[in-house]
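Student: Quick one: this structure, given as structure tokens, is what I'll be asking you about.
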Amino acid sequence: MLYIFIAREKELDILNKKINSNKFEFGILYGQKRVGKTRLLLEIFKNYNSIYNLCNEMGLEYNLKQLSDVVAKYINESFTFDSFDLLFDYLVKKSKTQKIIVIIDEFTYLMKTNNEIQSILQNIIDHKLLNSNLKLIISGSHGGMIEDALSYQKPLYGRSTFKMKIEPFDYYDASKFYLNASNEDKVRFYSVFGGVPFYTDKIDDSLSVEENVKSLIIEDGAIFEDEVNFFLSQEVRSVATYGKIINAIANGATRLNEISTKSGVNNTGTTSKYLDLLITLGIVEKEYSFGESLNSKKTIYLVKDQLFRFFFRFIEKHKTQKVIMNTDYFYDSIIKEYLDEFVSFEFEKVCRDFLKRKYSMTIEEIGRYWYNDKNLKKDIEIDIMMIENKKLYAFECKWSDKPIGYNIKNNLENKVAHIDNITLGYFSKKGFEEKDELCFDVNDLYNL
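So the sequence shown is numbered by numbering that gives the first Met the number 0: it starts at 0 and just counts up by one.
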């Protein structure tokens, strides 16, 4: 069952322009599993009279027959093709008199089972499609495989006319799946389930955050009870090692050395390779301190996927208790007291994404900033630094049951005392004792 199509305006706009161009287009969509690639492509299929085929891992011959059947049904004729060359010869002829859009979903399944498919497709593009008006779109969930296929000296290098990485929704678009929730609970829902449409679609906004967590994650047989382990088993060979690395990060290890030690890998080079794949899969992200270049060593690793972070923070390390305790007791004992502490970390990301939206036309750079104060002999962190329209800003984010007052404002002023010409702002769950121009509460986040 398909979830309701929400947002993706930017992606649809790009696809519509490419489909309506009067030349050959070869587009590549990629992104992590469950992120909504197929749903986006089916929206194109719905809006245009197009050919859609979902690949599988049953080999080249089987997939050719399957695509042949789809084309035959589309043309309303009975035939099969003995090769992809003959199939596309036929479609190119048809494209001279009608718009032909071919969507090959999960193309990476075909790549995994046949090394020649990239060369076959390259030959078809170079000798049959380049001078046609046909539109060809392929998609894949294995981001590393897609990126490798497009790299230098690979058959498809330089052939695509556009490529699009489909990312999870930000907090604002994700909230469209649970419009009836309070704005505070929208932040909580996003902090637990993130922006992957397959996850957000399962949220029942007539129920509380607690009830959704219980029914979707904790209860025996819950739809996401084994989601994390299943995802890893599909994507990596050593589930245990990758799990230990994610677990280390989710529970406070952010530097490479810390992660290597706490995960038990005990080799930073090996750990770095594991982290690279987790970044490609969209599970982990590498964050640079504000103002640093991509070559900087001033970096930390964080769990990017919210459901993974929740799982390793609350479920994995308490799995014995989860088996013994009933659902209500487990939630009350393990999660309830610490949920808002967990949410406070994601609240910073929500606030950053709010600023990206609010100042979308003029924002230049945004991120977390940390430095070592030599006088105080300790590390200092600023939740958000931003350059917007050539101006520098610093923001403090507080997910607390108390309004922001003088002490918190004074604390931020002290943190940036060494920085000239900087404007300060604040985000608060419970408002402010005095609200200034750059003071945003939870309701402001959803009033764009």
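Using N, Cα and C, we set each Cβ at its ideal position, and we do this for glycine too.
Which residue wins for smallest C-alpha separation from Thr269, given the options Gly281, Thr279, Asn256 and Leu280?
Tutor: Residue Asn256 is the option with its Cα nearest to Thr269.
Student: Can you give me the C-alpha to C-alpha distance between Phe188 and Tyr273, rounded to a whole angstrom?
Tutor: About 29 Å.
Student: Comparing C-alpha positions only, which one of Val91, Lys72, Tyr73 and Asp68 sits nearest to Phe80?
Tutor: Nearest C-alpha to Phe80: Asp68.
Student: Use the C-beta contact count for Arg236: other C-beta atoms within 10 angstroms, 16 or more gives buried, fewer gives exposed.
Tutor: It is exposed - the Cβ of Arg236 has fewer than 16 other Cβ atoms within 10 Å.
Student: Could you give the distance in angstroms between the alpha-carbon of Arg351 and the alpha-carbon of Lys377?
Tutor: Taking the straight line joining both Cα atoms gives about 25 Å.
Student: Am I right that Phe106 and Ile137 are in contact with their C-beta atoms under 8 Å? What's the rounded C-beta distance?
Tutor: Between Ile137 and Phe106 the Cβ distance is about 4 Å, and since that is below 8 Å, they are a contact.
Student: Mind checking Gly220: buried by the 16 CB within 10 Å criterion, or exposed?
Tutor: Counting Cβ neighbours within 10 Å, Gly220 comes out exposed, since fewer than 16 surround it.
Student: Pull up the distance between the alpha-carbon of Ser159 and that of Lys175, whole angstroms please.
Tutor: Each residue's alpha carbon lies about 33 Å from the other.
Student: Looking at Gly424: is its Cβ nearer than 8 Å to the Cβ of Asp440?
Tutor: No, the Cβ-Cβ distance between Gly424 and Asp440 is not below 8 Å.
Student: Does DSSP classify Met163 as helix, strand or coil?
Tutor: It is a strand residue.
Student: How many Å lie between Ser262 and Tyr287 at the Cα?
Tutor: Ser262 and Tyr287: Cα-Cα distance of roughly 22 Å.
Student: Along the chain, which unbroken stretches of the beta strand (DSSP E) at least 3 residues long are found entirely within the segment 418 to 446?
Tutor: With a minimum length of 3 residues, the continuous beta strand (DSSP E) runs that stay inside the segment 418 to 446 are 421 to 427 and 438 to 440.
Student: How far does the alpha helix (DSSP H) with Met508 in it reach, from first residue to last?
Tutor: It is not possible to answer for residue 508, since the shown part of the chain is limited to 0 through 447.
Student: Can you name, in chain order, every residue of its own chain whose Cβ lies under 6 Å from the Cβ of Asn55, other than the five neighbours on each side?
Tutor: The residues are Tyr108.
Student: Which value, in whole angstroms, describes the spacing of the CA atoms of Tyr300 and Leu86?
Tutor: Computed Cα separation, rounded: 47 Å.
Student: Can you check which of these residues, Lys401, Ile100 and Ile278, is closest to Val302 by C-alpha distance?
Tutor: For the residues Lys401, Ile100 and Ile278, the minimum Cα distance to Val302 belongs to Ile278.
Student: Three or more beta-carbon pairs under 8 Å between the segment 344 to 359 and the segment 321 to 331, yes or no?
Tutor: At 8 Å Cβ cutoff, the stretches do not touch.
Student: Output the boundary residues of the beta strand (DSSP E) element that contains Lys92.
Tutor: It is not in any beta strand (DSSP E) - Lys92 instead sits in the alpha helix (DSSP H) that spans Phe83 to Ser94.
Student: If you check the beta carbons only, do Met384 and Tyr368 fall under 8 Å apart?
Tutor: Result yes, Cβ atoms of Met384 and Tyr368 sit closer than 8 Å.
Student: Determine the direct distance from the alpha carbon of Arg38 to that of Gly242, and round the result to whole angstroms.
Tutor: Going by the C-alpha atoms only, they are around 29 Å apart.
Student: Under the rule that 16 or more other beta-carbon atoms within 10 Å means buried, what is Lys134, buried or exposed?
Tutor: Classification of Lys134: buried, given that the 10 Å Cβ count is 16 or more.
Student: Just verifying my parser: in three-state terms, what is the DSSP assignment at Tyr151?
Tutor: Residue state, collapsed to three classes: coil.
Student: Would you call the segment 305 to 321 and the segment 289 to 297 touching, i.e. three or more CB-CB distances under 8 Å?
Tutor: The segment 305 to 321 vs the segment 289 to 297: no contact.
Student: So, are the CB atoms of Leu306 and Glu226 less than 8 Å apart?
Tutor: Closer than 8 Å, so yes.
Student: Is the beta carbon of Gln31 less than 8 Å from the beta carbon of Gly281?
Tutor: It is a contact, given that the beta carbons lie within the stated cut-off.
Student: Measure the alpha-carbon distance for Val91 versus Gln152 and round it to whole angstroms.
Tutor: Roughly 27 Å between the two C-alpha positions.
Student: Rounded to a whole number of angstroms, what is the C-alpha to C-alpha distance between Phe361 and Phe353?
Tutor: Note that residue 361 corresponds to Thr in the displayed sequence, not to Phe. In a straight line, the C-alpha of Thr361 is about 14 Å away from that of Phe353.
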